[in-house]
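Engineer:
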Amino acid sequence: MLFSRIKKSRNEMFDREYEFDKIVSAIKDGVPLIVVTGIRRVGKTTLVKVLLNEIDTPGVYIDARKLWSTHANISPNVIKKEILKSLNARKSYAPVMRLLQSLKSVRIAGSGVESLRTKTQTL
Numbered sequence: 001m002l003f004s005r006i007k008k009s010r011n012e013m014f015d016r017e018y019e020f021d022k023i024v025s026a027i028k029d030g031v032p033l034i035v036v037t038g039i040r041r042v043g044k045t046t047l048v049k050v051l052l053n054e055i056d057t058p059g060v061y062i063d064a065r066k067l068w069s070t071h072a073n074i075s076p077n078v079i080k081k082e083i084l085k086s087l088n089a090r091k092s093y094a095p096v097m098r099l100l101q102s103l104k105s106v107r108i109a110g111s112g113v114e115s116l117r118t119k120t121q122t123l
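What the sequence shown shows, in the UniProt record's numbering, is residues 1 to 123, in sequence order.
#1: Mind checking Ile-83: buried by the 16 CB within 10 Å criterion, or exposed?
#2: Applying the criterion that 16 or more other CB atoms from any shown protein chain within 10 Å of the CB defines a buried residue, is Leu-33 buried or exposed?
#3: Go ahead and label Leu-103 buried or exposed: buried means 16 or more other beta carbons lie within 10 angstroms of its beta carbon, across all protein chains shown.
#4: Are the CB atoms of Phe-14 and Val-50 within a distance shorter than 9 Å?
#5: Going by the CB atoms, is the gap between Val-36 and Val-24 shorter than 9 Å?
#6: Jot down the residue ranges of each uninterrupted alpha helix (DSSP H) in the UniProt domain "AAA" (33-91), minimum 4 residues, whole runs only, in chain order.
#7: DSSP state of Ser-9, grouped into three classes?
#8: Suppose the cutoff is 7 Å on Cβ atoms and the five residues either side in sequence are ignored; what does the same chain contact list for Thr-45 look like?
#9: What does the alpha-carbon distance come out to for the pair Asp-63 and Lys-81?
#10: Judging by CA-CA distance, which residue of Lys-85, Leu-87 and Arg-65 is the nearest neighbour of Ile-39?
#11: I'd like to confirm the pairing. Which residues does DSSP put opposite Ser-102 in its beta bridges?
Here it is, written out as structure tokens:
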């Protein structure tokens, strides 16, 4: 069955309780980076969006496939812009800003953004 919109609450999800609980457990255990992968149309985006809406932990959703298709590579500036766009879409991004201010750098597949602390203070 195909759905026209991404679900945003746990009671709208279908058959993803196990994955939801595993990710919540990983967050509580302090896992610093969680990447959700899988074949198309199995509910990855729904799972992440529901998690971000329902847990009291700062998080940012980035669609890497969309970034890659738009920019042909994922540079530090592209990552920064996507994080800022995600932050602006949140109702309250103060917890995420505190998280970003505590980081010294971010590295993804060899690319990275240094001195995030300085950059986040100018936002």
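Beta carbons are placed, not taken as given, at the ideal position from N, Cα and C, and that holds for glycine.
Please read all numbers here as calculations on a predicted model, not as lab measurements.
Structural biologist: In this structure, then:
#1: Translated into the one-based positions of the sequence shown, residue 83 becomes position 83. Counting Cβ neighbours within 10 Å, Ile-83 comes out buried, since at least 16 surround it.
#2: Position 33 of the sequence shown, counting from 1, holds the residue named residue 33. Looking at its Cβ environment, which holds fewer than 16 other Cβ atoms inside 10 Å, Leu-33 is exposed.
#3: Position 103 of the sequence shown, counted from the start, is the residue given in the question as residue 103. Under this definition Leu-103 is an exposed residue.
#4: Taking the first residue of the sequence shown as position 1, residue 50 is located at position 50. Taking the first residue of the sequence shown as position 1, residue 14 is located at position 14. No, these two residues do not count as a Cβ contact at 9 Å.
#5: By 1-based counting over the sequence shown, the position of residue 24 is 24. By 1-based counting over the sequence shown, the position of residue 36 is 36. Contact: no.
#6: 44-54, 64-71 and 76-89
#7: If you number the sequence shown from 1, residue 9 lands on position 9. DSSP places Ser-9 in coil when its eight states are reduced to three.
#8: Within the sequence shown, numbered from 1, the residue matching residue 45 stands at position 45. Within the same chain, Thr-45 has close Cβ partners Ile-6.
#9: Within the sequence shown, numbered from 1, the residue matching residue 63 stands at position 63. Within the sequence shown, numbered from 1, the residue matching residue 81 stands at position 81. Spanning the two alpha carbons is a distance of roughly 12 Å.
#10: The residue labelled residue 39 in the question sits at position 39 within the sequence shown. The residue with the shortest Cα to Cα distance from Ile-39 is Arg-65.
#11: As a position in the sequence shown, residue 102 is number 102, starting the count at 1. Ser-102 pairs with nothing; no bridge assigned.
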